[in-house]
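Novice: Quick note: the sequence shown, position 331, residue 331 per the UniProt record's numbering, numbers continuous. Idealized CB from N, CA, C, for every residue including glycine.
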Amino acid sequence: MELKSTLKSIAVAAVFMAAVSSCKKDKMPVIEPGPVSTIGVYVLNEGAYNTVTNSTSSSISYYDIATKTTEKDYFKKQNGKDLGSNANDLQQYGSKIYCLITGTTVAAKDSYIEVLNISTGKSIKRIAFSDANGGFMPRFIVFNKNKAYVSGYDGNITKIDTASLAIETRVKVGGALEELAIVNNKLYVTNSVHPFFPSDIKSSVSVVDLNTFAKIKEIPMGLNPARISATENGDLFVMTRGQYQPSIPATIDKLSSVTDTRVSSDDKSGPSFLKITKNKGFAIGYNPGPYLKSLDVSTGALKGNLITDATVVTSAYAVTLNPLDNTFFVADAKDYTGDGMLFGFSEDGKHKFSFSTGTNPQAAVFRYGYK
Numbered sequence: 001m002e003l004k005s006t007l008k009s010i011a012v013a014a015v016f017m018a019a020v021s022s023c024k025k026d027k028m029p030v031i032e033p034g035p036v037s038t039i040g041v042y043v044l045n046e047g048a049y050n051t052v053t054n055s056t057s058s059s060i061s062y063y064d065i066a067t068k069t070t071e072k073d074y075f076k077k078q079n080g081k082d083l084g085s086n087a088n089d090l091q092q093y094g095s096k097i098y099c100l101i102t103g104t105t106v107a108a109k110d111s112y113i114e115v116l117n118i119s120t121g122k123s124i125k126r127i128a129f130s131d132a133n134g135g136f137m138p139r140f141i142v143f144n145k146n147k148a149y150v151s152g153y154d155g156n157i158t159k160i161d162t163a164s165l166a167i168e169t170r171v172k173v174g175g176a177l178e179e180l181a182i183v184n185n186k187l188y189v190t191n192s193v194h195p196f197f198p199s200d201i202k203s204s205v206s207v208v209d210l211n212t213f214a215k216i217k218e219i220p221m222g223l224n225p226a227r228i229s230a231t232e233n234g235d236l237f238v239m240t241r242g243q244y245q246p247s248i249p250a251t252i253d254k255l256s257s258v259t260d261t262r263v264s265s266d267d268k269s270g271p272s273f274l275k276i277t278k279n280k281g282f283a284i285g286y287n288p289g290p291y292l293k294s295l296d297v298s299t300g301a302l303k304g305n306l307i308t309d310a311t312v313v314t315s316a317y318a319v320t321l322n323p324l325d326n327t328f329f330v331a332d333a334k335d336y337t338g339d340g341m342l343f344g345f346s347e348d349g350k351h352k353f354s355f356s357t358g359t360n361p362q363a364a365v366f367r368y369g370y371k
């Protein structure tokens, strides 16, 4: 009897432990809270261009939505130093903001990425973008699986670890690189025309396999491709700038990420800016006259006017979508030499608020509130 009792106790204990183990395995994962409101807007200001020094005095402005107040040079206020010359891109990944400073010349080695805390605007690290041969001249940044990928006028893509904020490796893929997009673990980057960085590769999109971090293809395009954006279904749209004399028109081209080929091209709309975020497309252009329109993300065709009330934007320079609520923000460069403005609009194109910025505002990043 004593042996039977002992075996019974062991069996009961085993069942209990199995049940406990099962409960541990079935424990629900912790769900991180999502954003519920937009409490502030960061705006990158390129600054006025000085043709003698090839420089600008770039800055970052910040607008507090609750207090309706603006700090035009918020970066300098928070960090006690100037942002730098020829800033070109401002993007968020996680709790950090990445600001790309192209710099003035390769020899000056004044190229870097300023990484900021999104809650405070204070610098976490300045990543030098130069080596013994000179500055890398960074232009745009995209993110994928905790890595950042940066294009440069030196023709290289630079990979950065977003945890350590250290450069891991670089790969040469083309000429004067501009904007990037990632689809299905492939990176697409435009090869532009630049007078200071001449290259025979100036009419294509380079494709990089992120598994091997090697260039696998060049997709032929029109002259001077500059902007590229991906849709949610994996298509890509490219804006080429063409040239003034002899006349080659700017285009909006559609690429397939399945075949890595160009499938359509429109040379009638004269675009100067193109951006797609989520399933929203935006375009700025000049043919037949100045326009600020939505873009069909299936065909690349221009649709209706973005602004549906009487709000007047003098010199539309860029558009940024706030993915939290689908409001969009139009950067107005005004006369390109003095202060600009950022206009916030509801999804249906009605003015919500606007505020003064530094010179030549463009990309915006949003600070969110959480429960």
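One question on the structure: do Y153 and F213 come within less than 7 angstroms of each other, judged by their Cβ atoms?
Specialist: Contact: no.
Novice: Between which two residues does the alpha helix (DSSP H) containing Y336 stretch?
Specialist: No alpha helix (DSSP H) holds Y336; DSSP gives it neither H nor E.
Novice: Within 10 angstroms of the Cβ of Q362, are there 16 or more other Cβ atoms? Answer buried if so, exposed if not.
Specialist: buried
Novice: Tell me the DSSP bridge mates of E271?
Specialist: Sequence inspection shows Pro at residue 271; the Glu mentioned does not correspond to that position. Residue pairing from DSSP places P271 in a beta bridge opposite G285.
Novice: Please list the terminal residues of the continuous beta strand (DSSP E) segment that includes Q91.
Specialist: Note, Q91: beta strand (DSSP E), 87-93.
Novice: Got a sec, what are the start and stop residues for the alpha helix (DSSP H) Q243 sits in?
Specialist: Segment: none, Q243 is in no alpha helix (DSSP H) and carries neither H nor E.
Novice: By alpha-carbon positions, which one of V189, A333, Y112, I65 ends up nearest to L83?
Specialist: Y112
Novice: Helix, strand or coil: which one does DSSP assign to N322?
Specialist: strand
Novice: Could you spell out the range, first to last residue, of the alpha helix (DSSP H) harbouring N79?
Specialist: 74-79
Novice: Give me the residue from G94, G135, S95 with the minimum Cα distance to residue 376.
Specialist: The shown model of the chain, from 1 to 371, leaves out residue 376, and the question about it has no answer.
Novice: Which residues mark the beginning and the end of the beta strand (DSSP E) in which Y153 is found?
Specialist: Premise fails: Y153 is in no beta strand (DSSP E) and is neither H nor E.
Novice: Of all the options H194, L210, K215, which has the alpha carbon lying nearest to the alpha carbon of L223?
Specialist: Nearest neighbour of L223 by Cα position, chosen from H194, L210, K215, turns out to be H194.
Novice: Give me whichever residues DSSP pairs with residue 374 in a beta bridge.
Specialist: Look at the range of the chain in this structure, 1 to 371, and you will see that residue 374 is not part of it.
Novice: Please report the distance separating the alpha-carbon of R241 from that of A250.
Specialist: Spanning the alpha carbons of R241 and A250 requires a straight line of approximately 4 angstroms.
Novice: Under 8 angstroms Cβ to Cβ from D266, same chain only, skipping five residues before and after it: list those, please.
Specialist: T251, I252, D253, G300, A301
Novice: Mind reading off the beta-carbon distance from S151 to F140? Whole number of angstroms is fine, and I expect it under 8 angstroms.
Specialist: 5 angstroms
Novice: For T51, I'd like the list of residues in its chain whose CB is within less than 6 angstroms of its CB, leaving aside the five on either flank, ordered along the chain.
Specialist: Once the five neighbours on either side are set aside, T51 has no close Cβ partner at all.
Novice: Counting pairs of Cβ atoms below 8 angstroms between the region 290-300 and the region 334-343, do you hit three or more?
Specialist: no
Novice: Buried or exposed: which applies to Y286, given that a residue is buried once 16 or more other Cβ atoms fall within 10 Å of its Cβ?
Specialist: exposed
Novice: Using the DSSP secondary-structure output, state which residues sit across from G84 in a beta bridge.
Specialist: Answer is S58, bridged to G84.
Novice: Anyone know if the C-beta pair for L306 and G349 falls short of 7 angstroms?
Specialist: yes
Novice: What first and last residue would you give for the beta strand (DSSP E) that runs through P35?
Specialist: 35-45
Novice: How about I118 and S95: do their beta carbons lie closer than 7 angstroms?
Specialist: yes
Novice: Can you give me the C-alpha to C-alpha distance between K217 and F282, rounded to a whole angstrom?
Specialist: Pairing K217 with F282, the inter-Cα distance amounts to about 28 angstroms.
Novice: In three-state terms, what does DSSP make of F140?
Specialist: strand
Novice: Which residues in the same chain have their Cβ closer than 8 angstroms to the Cβ of S22, if we skip the five residues on either side of it in sequence?
Specialist: Note that S22 has pLDDT 48, beneath the 50 cutoff, so the model's placement of it is unreliable and the number below is only indicative. None.
Novice: In three-state DSSP terms, what is D253?
Specialist: Residue state, collapsed to three classes: strand.
Novice: Should V258 go down as buried or exposed, given a rule of 16 or more other Cβ atoms within 10 Å for buried?
Specialist: exposed
Novice: Consult DSSP for V171 and reduce its assignment to one of helix, strand or coil.
Specialist: In the three-state reduction of the DSSP assignment, V171 falls in the strand class, which pools E and B.
Novice: To the nearest angstrom, how far is the alpha carbon of Q243 from that of P225?
Specialist: Pairing Q243 with P225, the inter-Cα distance amounts to about 11 angstroms.
Novice: Whose C-beta lies closer than 8 angstroms to the C-beta of residue 374 among residues of the same chain, with five residues either side of it excluded?
Specialist: Residue numbering for the chain in the displayed model covers 1 to 371; residue 374 lies beyond these limits and cannot be assessed.
Novice: On the DSSP bridge assignment, give the partners of F328 in chain order.
Specialist: L321, F345
Novice: Please say whether L274 and L255 have beta carbons closer to each other than 7 angstroms?
Specialist: no
Novice: From T70 to S204, what does the alpha carbon distance come to, in whole angstroms?
Specialist: Each residue's CA atom was taken as its position, placing T70 and S204 some 41 angstroms apart.
Novice: Who are the near neighbours of A318 in its chain, counting only those whose CB is closer than 7 angstroms to its CB and skipping five residues on each side?
Specialist: F273, A331, Q362, A363
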